[in-house]
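Going by numbering that gives the first Met the number 0, the sequence shown opens with residue 0, and the numbers climb by one from there. Just so it is clear, CB atoms sit at the ideal spot from N, CA and C, and this is done for glycine as well. The structure under discussion appears below in the form of structure tokens.
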Amino acid sequence: MDISQRISLLKETIPAGVTLVAVSKNHSPAMILEAYESGHRDFGENRAQELLAKCKSLPEDINWHFIGHLQRNKVKDIVPVVHMIHSVESLRLFSEIENEASHVKRVVQCLLQFHIAREETKFGLDLEEAVSILESDIYKAATHARIAGVMGMATYTDDINRIREEFSNLYSIFSLLRKQFFRNEESFRELSMGMSGDYGIALEEGSTILRIGSLIFGER
Ligand SMILES: *Cc1c(COP(=O)(O)O)cnc(C)c1O
């Protein structure tokens with residue numbers, strides 16, 4: 000099976016309205032182009048340098064999703080080309096994105112990344128930290144960085160119940176924030192959760208954006 004066949008098979012199992020981000024990190028522009036030519040537009044990268052190099056050689060109408068840990072000194076480079084940043088995990092980072100986005104007059108969609116796994120190694124906010132971002136003057140005054148939802152990664156485990164519990168926890172956080180801060184705002188609506196190994200559970204728990212790499216491009 001080739002890349003475009005894997006994508007179309009996946010899309011058949013995904014409900015309408017759910018976005019499939021094809022995670023192309025460590026894979027060549029040629030492989031991305033193959034997916035692009037079959038009509039796919041959303042691709043995910045986790046390193047700023049790699050995203051920049053790839054977007055230079057690929058069509059302009061690709062929606063690039065940044066899904067990795069983002070250093071503040073890299074924000075300036077990716078803001079002119081990125082569609083959505085899934086990994087906002089501090090007010091300082093949000094503020095940097097806002098500054099650069101207004102500088103280049105672009106709206107950049109942002110997701111608040113939560114630490115939902117029990118693994119220590121994963122990045123992300125807890126609820127209290129997210130609330131303090133949303134209550135800050137910097138957030139309230141922002142005009143170009145938009146918070147469109149939340150993102151999280153479950154523990155890497157084959158314990159299905161645990162994965163489900165972590166995704167369900169992220170859903171609760173999402174609902175709570177929506178109620179408290181985005182009552183009349185349709186724009187807060189994305190739940191980025193689910194990868195190759197756990198996307199089925201993520202869909203059952205309300206995911207609206209799947210980030211899938213190895214199932215599409217093969218193992219790295
Ligand atoms: C690599 C990566 C993915 C995709 O993982 P696969 O298991 O290859 O589907 C999803 N999200 C993030 C944040 C990643 O770094």
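Best match in the options for proximity to residue i [C-alpha to C-alpha]
i	options	result
L209	F216, M194 and I200	M194
E95	F173, T154, V78 and A201	V78
H227	R182, E44 and E184	Nothing can be reported for residue 227, as the shown portion of the chain is limited to 0 through 219.
N72	D60, E59 and N98	N98
E119	G16, Y155, V106 and L110	Y155
F180	I146, D157 and E49	I146
G151	H102, A21, Y138 and S206	S206
Y138	D1, H114 and F93	F93
H265	S56, A140, A47 and K75	No answer is possible for residue 265: the residues shown for the chain start at 0 and end at 219.
G245	I6, R105 and F42	Because the chain here runs from 0 to 219, residue 245 falls outside it and cannot be looked at.
K75	E134, V103, K24 and R5	V103
Below-8 Å beta-carbon distance, residue i vs any chain C residue
i	result
E204	The question asks about chain C, but that chain is absent: this structure has only one protein chain.
Collapsed DSSP secondary structure at residue i in the structure displayed
i	result
T12	helix
I211	strand
A47	helix
I66	coil
S56	helix
I77	helix
F122	coil
M83	strand
S174	helix
R182	coil
E204	coil
M30	helix
S89	coil
S167	helix
S7	helix
D136	helix
E36	helix
Residues that DSSP places opposite residue i in a beta bridge
i	result
V107	A144
N98	Bridge partners of N98: none, in fact.
I276	No information on residue 276 is available, as it lies outside the stretch 0 to 219 that the chain covers here.
E189	G148
F42	A21 and W63
F113	L124 and G151
heavy atom of ligand 1 below 7 Å from residue i C-beta
i	result
L92	no
G196	yes
M83	no
G217	no
M152	yes
V22	yes
I66	yes
F77	Here residue 77 turns out to be Ile, not Phe, going by the sequence shown. Incorrect: I77 has no Cβ contact closer than 7 Å to ligand 1.
L214	yes
R71	no
I6	no
R177	no
N220	Because the chain is modelled from 0 through 219, residue 220 falls outside the range shown and cannot be assessed.
R182	no
I211	yes
- Taking 8 Å as the threshold, find out whether the region 121-128 comes into contact with the region 80-89 through three or more Cβ pairs. Between the region 121-128 and the region 80-89 there are three or more C-beta pairs closer than 8 Å, enough to call the two in contact.
- Query: Below 8 Å, can you find three or more Cβ-Cβ pairs linking the region 188-202 to the region 159-174?
  - Reply: Contact holds: three or more Cβ-Cβ distances are below 8 Å.
- Task: For the region 27-40 and the region 196-204, state whether three or more C-beta atom pairs, one from each stretch, are separated by less than 8 Å.
- Result: A contact between stretches requires three or more CB pairs, one per stretch, nearer than 8 Å, and the region 27-40 fails this requirement with the region 196-204.
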